[in-house]
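Everything on this sheet refers to the single structure shown next.
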Amino acid sequence: MRHLKKGRSLHRSSSHRKAMLRNLAVSVLTHERVRTTEAKAKEVRRLVDRIITWGKRGDLHARRLTVRQVGSRTVVKRVFDELGPRYQNRPGGYTRMLKIGYRQGDNAPMVLLELVDRPMA
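For the sequence shown, the residue numbers in this note's numbering are 33 to 153.
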């Protein structure tokens, strides 16, 4: 039975998984778009949505939680100065996943994980 087992293990140890998801979240928040596998995208989407919600709150505790999760002060500044105000009227669902095919080597399903309402450049 799968009781109380939330999330995917992604065939990694817990420390490796946490570090990988944090790095992927920083990439999404920095570049607003990243190409990854479907399983990793579904996991990191939870983290990115939580961080942007903290950015919408904008208080000191939310900023400290974001620093603890992300670790980069430049990304934290971007979350609170740009992304939080951009999604202020959106009640969640800040990311979208676009399926782009399968990876050449192992046939893993690949997706493009991007932030919704991102400026086209």
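Ideal Cβ positions, reconstructed from N, Cα and C, are used throughout, including at glycine.
Whole angstroms is fine: what's the gap from residue i's alpha carbon to residue j's?
i: V58; j: L130; result: 19 Å
i: L144; j: V80; result: 14 Å
i: S46; j: R122; result: 32 Å
i: R105; j: I132; result: 32 Å
i: H43; j: H35; result: 19 Å
i: R118; j: K38; result: 30 Å
i: T85; j: V102; result: 14 Å
In three-state terms, what does DSSP make of residue i?
i: P123; result: coil
i: M142; result: strand
i: L36; result: coil
i: G147; result: For clarity, residue 147 is Leu in the given sequence; the question names Gly instead. Three-state DSSP puts L147 in a strand.
i: H43; result: coil
Taking the CB atoms as reference points, tell me whether residue i and residue j lie closer together than 7 Å.
i: E64; j: R150; result: yes
i: T127; j: V111; result: no
i: E75; j: R100; result: no
i: L61; j: V108; result: no
i: K116; j: G87; result: Here the sequence assigns Gly to residue 116, which means Lys is not the residue at that position. Yes, Cβ-Cβ distance for G116 and G87 is below 7 Å.
Please confirm if residue i has its CB atom under 7 Å from at least one CB of chain D.
i: H35; result: Among the chains in the structure shown there is no chain D, since it carries only a single protein chain.
Does the beta-carbon of residue i have 16 or more other beta-carbons within 10 angstroms, so that it is buried, or is it exposed?
i: A51; result: exposed
i: A140; result: exposed
i: L92; result: exposed
TODO: Output the residue ranges of the beta strand (DSSP E) runs that lie fully inside the stretch 63 to 134 and measure 3 residues or longer, sorted by chain position.
DONE: 65 to 69, 127 to 134
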